[in-house]
Amino acid sequence: MNRIMFALLCVWLMPANGWASVVFPMDSDALIARAKLDQQEQVAGYDEVTNVLRRIVVDVDGNKVTRRIQALWFYPDTSSVEEYGTESIYFDDVSESVRVHTAATLSPDGTVSQFDPANAQYGDSDQYNTFSNGRVLYLALPGMQANGYTVLDYEITSDLKLTETPFADHIRAESLFPLRQFELIVRAPTVTLNWDNSHPAVYCESLAHETRCSGQDIPALQFDSTTYWRDKLRGVSFAVNLDWSELAAHALTLYQNAFTEQSEVESLYQRLVDGIDSKAQRIEALFRFVAEDIRYVSLSTEGHTHTPHTNDSVIRNRYGDCKDKTALLQALLALEGVEATPVLVSTNRTDPDRLVLPSLNYFNHIVLCLAYQGQRYCLDPTDSTVHWQSTSNWIQGKVALPLTSTTKPEQIPAEKHRWTMDILSELVFTEAGGLHEVQTRTYSDAFAAYMREQLRGSDTDEQQQMLVRQYQQVVADTDNVSAMALAGTQREDDYRQLQVRTEANYSAFATTDNHLRYTEDDAWLVDDLQSSYLDNEYDAVTLDGVRYRSRYNVDVTAHWRVMSPAPTVELVHRFGSFKRVSKILNDGRLSIETILEIPHQTIGLTEQDEFNQLLDRFLALQTIRIEAPFSADSANP
């Protein structure tokens, strides 16, 4: 049962028939009796959603692992019933089977309503970039009422031969809600397990081949929206007695299956690099082929949870999952003379120190890292939006494990400025006192990839409409605007950048026979700053890093004379910097350049106010101000 989900998902559901890996013996009422006892003892119930009992028994017997999970929940009101009224059981359809012993509700008057197995529904859990064939069993429990209980008792049996990973498990002892009673028993008569307890409210003791843990009145997990909650989630971890290097060697042995059949790789390589002289461009061509021409298909089926298919089969099928695409890219790069290392990634973790015991279960993705001209690059061939020298946004700063002989968990390096944007605004004041604006926005690296992803799948007209809406939301809500993507959306483009051009006309607003006083917010800068304020309650914030450069070239010669440039403004702080410089161009236009830099960094809770005050200062400085006296001798009298 999983209540540590942070978004409600709309999924396609499938009926229960055809799912042989799930059975409903409904053969136990012991947990219902415990719910009735709690109901008698807690006449007034609880003030909030409460996990009354979480009991887990894990039996490890060779390659067979059985987990018995029992849970009692109390719901104080109709809103909590509405939000959490459907139980969810997550399992792997290839390596695991499920037995549901009890699924029921207990109403305030003591009525027990049992779940009808015919009403079971199934959906896919997130299968993109994952080492499992994830499924979700949804149980919409009948008879749920405010001040009532849900009762769930189920068993998941895993076959470690099919998961291809040594045994490891993390039993969480906290969630979004308070837990009254936590009980855990782990039995492993045939294998030696290491264990670690990270929760101070849980007590554990080990006997011969058995560990028992318990805890009472465990508070709810507290975190912020910026928190990667798996970095904080505490509990009891178990794993077989391996170190990280041994675990990496095991994963690498499985990974080598891809290279056992690759007779077609060399001819593919020759075709892809034919006529390309630059080594960097050849690497990009190889990466671009695997990222775009090898279709992503989740293939974590039996025998292939961590073992990739052969490179020849991937070439013939033109599809594969993350490990298939990574292995093929590695084979192609080897022919280019580029050595690369496969690296496992945990896309939902950022703190390597929280991986307390060696386990492959932390990781759900794999990429390829290499050195080129003194720089280290990590290539994600499942991401077709990026250039090979740009790290995919969603793996930056995430926990990783290189498959090398001397390895340990680390982080994929994060770029100093992940969101890099350059804007050139050409403003021309018209004879009628209006304004014509041509604006070119250039997004770079990860930001270019992000924008490319937003535009993907849309035709030219749809892209233009999307970009017009974006301009209207950020700059000005005017109908007299056009927009188009200039470069960076097609395969032959430089994928390190994406350009967007907008053109807008504003009707007369300036008095053409008097002094010009005009102010304008640097809209894209304002939009970024206003979204950057911090309000965390529990955790430090890691900023992605921003570099914003805007240039305004302003032509006022329709009725006014050329102005003198404004004084240079520069504010440098340990969190970031702001600089503005003005000058008169050779053609008589005024140029105003602004550079904002807030590098990748971590802001502690006690530093939030100081950081927000700095944003206030930046916002106060950002306004563009133009003053020009009327000139009867202007270029267009």
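Residue numbers (my numbering): 143 to 779.
We put the CB at the ideal spot given by N, CA and C, even for glycine.
Owing to the predicted nature of the structure, the values given are computational and were not obtained by experimental measurement.
Check	Outcome
Find the nearest neighbour of Y438 within the set I457, L499, T654, Y637, judged by alpha-carbon distance.	I457
Tell me, to the nearest whole angstrom, how far the beta carbon of W712 is from that of K721; I am working on the premise that it is less than 8 Å.	In the sequence as presented, Trp is not what sits at residue 712; that position holds Glu. About 5 Å separates the two Cβ atoms, so the contact holds.
I need the DSSP call for W702, collapsed to helix, strand or coil.	strand
Considering just the uninterrupted stretch of the beta strand (DSSP E) at F365, what are its terminal residues?	Looking at the DSSP string, F365 is not in any beta strand (DSSP E), and its letter there is neither H nor E.
Measure the C-alpha to C-alpha separation of F772 and W702 and round it to an integer number of angstroms.	4 Å
Per DSSP, what are the beta-bridge partners of W371 in this structure?	In DSSP, W371 forms no bridge with anything.
Tell me whether P500 sits in a helix, a strand or coil according to DSSP, three-state version.	coil
Give the DSSP-derived three-state secondary structure of K465 in the structure shown.	helix
Could you please give the first and the last residue of the uninterrupted beta strand (DSSP E) stretch that includes I726?	718 to 726
Cα separation between V240 and M168?	12 Å
Let me know the alpha helix (DSSP H) ranges lying completely inside the region 564 to 614, each 4 residues or longer, listed in chain order.	587 to 597
Can S586 and Q531 be called in contact, C-beta distance under 8 Å?	no
Of the residues L363, L384, F380, which one's Cα is nearest the Cα of K374?	L363
Taking only runs of the beta strand (DSSP E) that begin and end inside the region 506 to 550, which ones reach a length of at least 3 residues, in chain order?	507 to 514, 517 to 521, 541 to 544
Under 8 Å between C-beta atoms, does H578 make it to chain D?	Within the model displayed, chain D is absent; a lone protein chain is all it includes.
When burial is assigned at 16 or more other CB atoms within 10 Å of the CB, is G718 buried or exposed?	buried
Going by DSSP, what residues sit across from M626 in a beta bridge?	R643
Under 8 Å, with one C-beta from each stretch per pair, do the region 256 to 267 and the region 311 to 320 reach the 3-pair mark?	no
Going straight from the alpha carbon of F365 to that of E573, what length do you get?	57 Å
What are the residues that DSSP puts in a beta bridge with A310?	A381
Give me the Cβ distance between T208 and T299, rounded to the nearest whole Å; I'm assuming they're in contact under 8 Å.	5 Å
What residue does the beta strand (DSSP E) around Y694 start on, and which one ends it?	688 to 697
Just to confirm before moving on: does the CB-CB distance between A625 and T602 stay below 8 Å?	no
Determine the closest residue to P709 out of V698, L732, D697, with distance taken between C-alpha atoms.	L732
Where does L738 fall in DSSP's three states?	strand
Specify whether the region 533 to 540 and the region 411 to 424 touch according to this definition: at least 3 beta carbon pairs, one from each stretch, less than 8 Å apart.	no
Short check: CB of R376 to CB of H341, under 8 Å?	yes
Excluding the five sequence neighbours on either side, which residues of its own chain have a C-beta within less than 6 Å of the C-beta of W337, listed in chain order?	T353, F380
Quick one: is P361 buried, meaning 16 or more other Cβ sit within 10 Å of its Cβ, or exposed?	exposed
Based on Cα-Cα distance, which residue from D670, Q184, S405, G730 lies nearest to V696?	G730
Could you tell me which of V580, T584, L195, V191 sits nearest to S221, measuring between CA atoms?	V191
If you measure between the beta carbons of V642 and R693, is that distance less than 8 Å?	no
What are the boundary residues of the beta strand (DSSP E) that includes V480?	It is not in any beta strand (DSSP E) - V480 carries neither H nor E in the DSSP assignment.
Got a sec, what are the start and stop residues for the beta strand (DSSP E) Q256 sits in?	254 to 256
Does the Cβ of Y690 have 16 or more other Cβ atoms within 10 Å, making it buried, or fewer, making it exposed?	buried
Would T620 and Q612 qualify as a contact pair, given that the criterion is a beta-carbon distance under 8 Å?	no
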